Amino acid sequence: MNDKVKILGVGVNAVTMQEALDRIEKFFEEKKPKIIATANAEMLMRATYDEELKKILNDAELVVPDGAGTVWAAHHLGYQMPERVAGYDLAQELMKRAPEKNRRIYFFGSAPNVAEKAKLKAEELYPGIKIVGTRNGFFSADDESKIISEIKSAQPDLLFAALGVPKQEKFLAKYKDELNVPVSIGVGGTFDVMAGVMKRAPKWMQRAKLEWLFRAILQPKRAGRLIALPKFVLKVHSSKQKT
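Have a look at this one:
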């Protein structure tokens, strides 16, 4: 099914949350390694100058529109994009379904002890869930072979990598075949929110498409990165003018 919308050179799937979950369900059944990316404006903007990231995104089996900016861009360019599919919410939906399917999940990333706290939260929220391993995201190139070995030994069906963009996407792409995990997803700050280290925007701000502002208030260090948002708007508008 070709439902990809090109935004600044990256194909993003025009799917609803339910359609994304249905697609991922098939990935589990196929048992061949697949990568899912959650594309927000910041990621798409980065891909305009990071060719490796752009290739990874265009090779990914599913790229969901994670962010109001992505949905806006699709609409501005004249495409249908039914809704935002937030990476955090997608991860929660997959965990909610995991116990019934007896799926094994591995948490990789975030600061020391955060993945462990997120694991405890997942076990509280989703009784019967099998988190078969955790590992923080602080490592050097020399540690990578050991990390790969640990993940492979745990034999997860689903790997969540919370290393930040683009590190998580590049790691998953580099070791996709070696890890041989049916479904791998870069989940950014998901563990931080689950562990209570970082708050998620209140529902009204999510509905008002102001999560970016909430993050800037809580994390002033991110303010510089938010400059990418107006640049993204201008870049999308410019790309429309050229077509």
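When we follow this note's numbering, the leftmost residue of the sequence shown carries the number -1, and every step to the right adds one.
We put the beta carbon where it would ideally sit given N, CA and C, even for glycine.
Being a predicted model, the structure only gives us computed values, none of them experimental.
Where residue i falls: helix, strand or coil (DSSP)
{"i": "PHE26", "result": "helix"}
{"i": "VAL13", "result": "coil"}
{"i": "VAL163", "result": "coil"}
{"i": "VAL185", "result": "coil"}
{"i": "VAL234", "result": "helix"}
{"i": "ALA18", "result": "helix"}
{"i": "ALA171", "result": "helix"}
{"i": "VAL179", "result": "coil"}
{"i": "SER195", "result": "Per the sequence presented here, residue 195 reads as Val, with Ser not at that position. In this structure, VAL195 counts as coil in the three-state DSSP scheme."}
Close beta carbons around residue i, own chain, < 7 Å, minus the five adjacent residues each side
{"i": "SER108", "result": "ASN134, GLY135, ALA160, PHE189, ASP190"}
{"i": "LYS229", "result": "MET43"}
{"i": "ALA35", "result": "LEU55, ALA58, VAL61, GLU167, GLY184"}
Residue of the options minimising C-alpha distance to residue i
{"i": "ALA193", "options": "VAL112, ASP141, GLU142", "result": "VAL112"}
{"i": "LEU157", "options": "LYS117, GLY126, LYS53, THR14", "result": "LYS117"}
{"i": "VAL8", "options": "PRO63, LYS30, PRO31", "result": "PRO63"}
{"i": "GLY65", "options": "GLU59, ILE5, HIS73, VAL83", "result": "VAL83"}
{"i": "GLY162", "options": "GLY85, ILE22, PHE25", "result": "GLY85"}
{"i": "LYS172", "options": "ILE54, MET41, ASP20, THR46", "result": "ILE54"}
{"i": "ALA39", "options": "ASN178, LEU19, LEU6, GLU142", "result": "LEU6"}
{"i": "ILE149", "options": "ASN11, GLY186, VAL179", "result": "VAL179"}
Beta-carbon separation (whole angstroms), residue i vs residue j, contact threshold 8 Å
{"i": "TYR77", "j": "VAL3", "result": "4 Å"}
{"i": "ARG21", "j": "LEU60", "result": "6 Å"}
{"i": "ILE249", "j": "GLU114", "result": "No statement about residue 249 is possible, as the shown extent of the chain runs from -1 to 241 and does not include it."}
Contacts around residue i, its chain only, beta-carbon distance under 6 Å, and the 5 residues preceding and following it disregarded
{"i": "LEU75", "result": "LYS238"}
{"i": "MET15", "result": "VAL83"}
{"i": "LYS99", "result": "none"}
Beta carbon proximity, residue i to chain B, threshold 8 Å
{"i": "VAL10", "result": "The structure shown contains no chain B; it is built from a single protein chain."}
Cβ-based neighbour list, residue i, same chain, cut-off 8 Å, excluding 5 preceding and 5 following
{"i": "TYR124", "result": "MET93, LYS94, ALA96, PRO97"}
{"i": "LEU51", "result": "MET41, ARG44, ALA45, VAL163, PRO164, GLU167, LYS168"}
{"i": "HIS73", "result": "MET79"}
{"i": "HIS235", "result": "HIS74"}
{"i": "GLN153", "result": "ARG102, VAL130"}
{"i": "GLU121", "result": "ILE127, ILE129"}
{"i": "ALA89", "result": "PHE158, ILE183, VAL185, THR188"}
{"i": "LYS174", "result": "PRO31, ILE33, SER182"}
Check: residue i C-beta below 7 Å from any heavy atom of the ligand ADP
{"i": "PHE26", "result": "No copy of the ligand ADP appears in this structure; indeed no ligand is present at all."}
Subject >> beta strand (DSSP E) runs contained entirely in the stretch 118 to 158, provided each spans 3 or more residues >> reply: Unbroken beta strand (DSSP E) stretches of 3 residues or longer found wholly inside the stretch 118 to 158: 128 to 133, given in chain order.
Original post:
Counting only runs that start and end within the stretch 40 to 119, where is the beta strand (DSSP E) found for 3 or more residues in a row?
Top reply: For the stretch 40 to 119, whole beta strand (DSSP E) runs of length 3 or above, ordered along the chain, are 60 to 63, 102 to 107.
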